[in-house]
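What follows is one structure encoded as structure tokens, with my remarks underneath.
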Amino acid sequence: MGKLIYSVITSLDGYVADEDGDFNWAVPDEEVHTFVNGLERPIGTYLYGRRMYELMVYWESAPSQADQPACVRDFTDIWRAADKIVYSTTLETVSSARTRIEPDFNPEAVRQMKASAERDITVGGPDLAAQASKAGLVDECHLFLTPVVVGGGKQFLPDKVRLELELLDERRFGNGVVHLHYRIGT
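Here it is in structure tokens:
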């Protein structure tokens, strides 16, 4: 049985992007990127909404030349090796291998996917993560708190999502980012 994991880089005040949609402040440095790669390596499937998929599909054709940092080349390989499911009613085609489109997020289908999964699954993007959380599907959460306050924008989870969390691990990085690993209570 696989776990469903929500992993997110957020500002200290809980946003994944500011009011203008900018998230350049969230780009991980090499130390954080390498750590994230370790978390992503065992993932078998990524669940994305359309916008998150359009952001992440960069990795399908990301340059893998030797002049790229090792962590970037590594993540490119990790991302390409995983399956992707994109939940969208507007996207008609995908531009990455191992990817399919589903028109609707179906909690029961995700429950069945978790039950039969040999590897863990991640949910990407705050809107899809909120749907999965409200359905009681998210098992763990990895928060990467970035030492910046943006004052508004897109929250990592919307209002009216209540989760009981158990802290499993924490780590502080040299750039001030703090990783918090939680199990979601039932």
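Mapping of the sequence shown onto my numbering: residues 96 to 281, in sequence order.
All C-beta atoms in this analysis are idealised placements derived from N, C-alpha and C, irrespective of residue type, glycine included.
- Taking the C-beta atoms as reference points, glutamate 197 is found no nearer than 8 angstroms to isoleucine 216.
- The beta carbon of glutamate 125 is closer than 6 angstroms to those of Pro164, Cys166 in its chain, skipping five residues each way along the sequence.
- Straight-line spacing of the CA atoms in isoleucine 279 and leucine 186 works out to 31 angstroms.
- Here the stretch 226–238 lies against the stretch 256–272, with 3 or more beta-carbon pairs under 8 angstroms apart.
- Cβ atoms of leucine 232 and valine 272 stay farther apart than 8 angstroms, at about 27 angstroms.
- By the CB criterion at 8 angstroms, aspartate 113 and valine 245 fall inside the cutoff.
- Assignment of alanine 177 by DSSP, reduced to helix, strand and coil, places it in the coil class.
- Look at threonine 171 here: in three-state DSSP terms it is helix.
- Assignment of glutamate 125 by DSSP, reduced to helix, strand and coil, places it in the helix class.
- The beta-carbon separation of serine 106 and arginine 145, rounded to 23 angstroms, does not stay under the 8 angstroms limit for a contact.
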